[in-house]
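FYI, in numbering that gives the first Met the number 0 the residues of the sequence shown are 0 to 168.
In what follows, a single structure is set out as structure tokens and then discussed.
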Amino acid sequence: MALHTQLPIYKVTYDLLALITKLTASMPRDFKRSLGDDLRNECVRLSILVYRANSARNKVPHLAELLERLHVHINPRKTILQPVARGIDFVGQVIKPWSHTTRRRSYRQAIERGAHLDGDALFETANSYFGLLGQATHSHHDRARLANVLRRRGYSINHNMTKTFRRGV
Numbered sequence: 000m001a002l003h004t005q006l007p008i009y010k011v012t013y014d015l016l017a018l019i020t021k022l023t024a025s026m027p028r029d030f031k032r033s034l035g036d037d038l039r040n041e042c043v044r045l046s047i048l049v050y051r052a053n054s055a056r057n058k059v060p061h062l063a064e065l066l067e068r069l070h071v072h073i074n075p076r077k078t079i080l081q082p083v084a085r086g087i088d089f090v091g092q093v094i095k096p097w098s099h100t101t102r103r104r105s106y107r108q109a110i111e112r113g114a115h116l117d118g119d120a121l122f123e124t125a126n127s128y129f130g131l132l133g134q135a136t137h138s139h140h141d142r143a144r145l146a147n148v149l150r151r152r153g154y155s156i157n158h159n160m161t162k163t164f165r166r167g168v
């Protein structure tokens with residue numbers, strides 16, 4: 000068994016604690032002692048849960064509590080989400096590595112681009128999106144919707160819905 004400090008999820012929680020500590024330093028004084036302290040304490044609790052889950056024989060109760068605590072919602076209009084999204088994706092991959100999903104935004108972009116792009120750009124883009132959607136474990140419905148959009152535009156799709164072919168001239 001690895002030390003808890005060597006686990007990738009511990010590193011993410013530690014990085015989150017460092018980020019929150021840095022952000023707390025620039026908070027207004029009114030929030031620094033209330034909200035800032037609460038956020039730091041929650042990060043410390045998450046780190047302790049990672050340690051307890053790693054050292055316990057029965058990890059299920061600790062992991063269940065960790066999953067319950069990780070249901071955090073961030074307002075995307077108020078924050079810059081790129082570093083947060085990378086950390087959340089990584090933590091999700093560590094906690095549930097068997098589950099592969101495609102982000103809804105990527106799926107919506109695939110449908111929109113399939114409906115509006117023209118020529119060779121559509122051919123290349125559609126095949127790229129079929130590859131992206133194919134990495135998810137339950138992506139048949141998403142690939143079928145993209146295939147239907149492309150079929151309406153006159154493109155042929157293979158039976159596995161993993162590749163589109165150029166239109167005949």
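Glycine included, C-beta positions come from ideal geometry on N, C-alpha and C.
Inset, instruction - With DSSP collapsed to three states, give me the class of residue 54. - result: In this structure, residue 54 counts as helix in the three-state DSSP scheme.
Legend entry - Own chain, CB closer than 7 angstroms to residue 143, minus 5 neighbours either side, in chain order: 160
Legend entry - Candidates 162, 99, 148 and 165: closest to residue 135 by CA position: Looking at the Cα atoms, 99 is the closest of the given residues.
Legend entry - As assigned by DSSP and simplified to three states, the class of residue 163: strand
Inset, instruction - Put residue 155 into one of helix, strand or coil per three-state DSSP. - result: strand
Legend entry - Stretch-stretch touch, CB-based, cutoff 8 angstroms, three pairs: the segment 27-38 with the segment 51-58: no
Inset, instruction - Can you grab the Cα-Cα spacing for the pair residue 120 / residue 155, in whole Å? - result: Spanning the two alpha carbons is a distance of roughly 16 angstroms.
Legend entry - Cut-off 8 angstroms between Cβ atoms - residues of its own chain near residue 138, not counting five sequence neighbours on either side: Excluding the 5 residues flanking it on each side, residue 138 has same chain C-beta neighbours closer than 8 angstroms at 101 and 132, in chain order.
Legend entry - Cβ pair count under 8 angstroms reaching 3, the segment 40-51 against the segment 24-32: no
Inset, instruction - Apply the 10 Å Cβ neighbour rule to residue 22 and answer buried if 16 or more other Cβ atoms are within range, or exposed otherwise. - result: Counting every other CB atom within 10 Å of its CB across the protein chains shown gives residue 22 a total below 16, marking it as exposed.
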